[in-house]
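Number 414 marks the last residue of the sequence shown (my numbering); no jumps.
All C-beta atoms, glycine included, are put in the ideal place defined by N, C-alpha and C.
Only a predicted model underlies this, so the values are computations on that prediction, with no experimental measurement involved.
A short worksheet on the structure shown next.
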Amino acid sequence: MKKIKWTLIVSVLTILLITCKKDEDLPDITEYPPQVTLVGTVTGEAGYGTIGPDGGSVSSTDGKIELAFPAGTLASMTEITIQPVTNNAPGGIGTAYRFGPPETIPSGPVTLKFHYNENDVAGSLPMFLGLAVQKEDGMWYPYRHQVIDTVERTITVTSNELFSGSVKSAKDKSSNFLDHATFLDLYIFPKEAELKILQTQVFQVFAVENHTEMTMETIMRITYPLFP
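Have a look at this one:
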């Protein structure tokens, strides 16, 4: 049996997609319109730390997520929590996270850093990683101005709106949470396969449209034969 290296295949597929678009000769595309998804359910123990006016950071129990508060961001001592929940985002990978307390309103931007590993980008590439937030309408929205560091293996975003208290309107005083998740813009499924000689395997390439609301498309289906 031979194991296929999908990082190379994804690179080739990316080039093919660009070429297809230029030639206006796209393969069959199945579109999935934006839709409300369920709110994540708790999957484990929350990480927590007390942050005050001097600033500081807190990490999730699995070490994947870190929140960094600059000095002056919080006016008083606040116990910040990072609760792992199920990831229901389009193209979502791994665990999603919910930050608390929900009524927290930092006076300045807070930095969210996600530490990824090879398993997180299996079937894709780090350049296709993204961070998204599920807002109170149940839709997922990608963060803009994300920074991907392929040396440290992190993806970082700095925002004023990481907590639900920061984005509530005057009409909405409910205690909704915001769930945050990592997703892949482009990935192949299955992520890998072991084939015997002359066996074939059908793969699907998925792309997430991350404009205002995130949608998912099946860009193409391919059959990959393995010859001697």
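- Counting only residues of its own chain and dropping the five nearest sequence neighbours on each side, Glu252 has a CB closer than 7 Å to the CB of Ser243, Ser245 and Lys299.
- Non-local C-beta neighbours of Leu315 in its own chain, meaning closer than 7 Å and more than five positions away in sequence, comprise Tyr302, Val307, Ile334, Ile341, Thr368 and Leu370, ordered along the chain.
- In this structure, Gln269 is the residue among Gln269, Tyr329, Phe285 and Gly324 with its C-alpha nearest to the C-alpha of Ala232.
- Counting of Cβ neighbours within 10 angstroms places Arg284 among the buried residues, the total reaching 16 or more.
- Burial check for Val271: the Cβ neighbour count within 10 Å reaches 16 or more, so the residue is buried.
- Our two residues, Gly235 and Gly249, have alpha carbons roughly 13 Å apart in a direct line.
- Assignment of Ser350 by DSSP, reduced to helix, strand and coil, places it in the helix class.
- For Ser262, the closest C-alpha among the options Val391, Phe255, Ser310 and Gly238 is that of Gly238.
- Tyr329 places its beta carbon less than 9 Å from that of Ser345.
- Take Leu224, set aside five residues on each side of it, and the residues of its chain with a beta-carbon closer than 7 Å to its own are Asn274, in chain order.
- Taking a contact as a CB-CB distance under 8 Å, the pair Val296 and Leu348 counts as one, their CB atoms being some 5 Å apart.
- Sorting Arg339, Val343 and Trp326 by C-alpha distance to the C-alpha of Gln332 places Val343 at the top.
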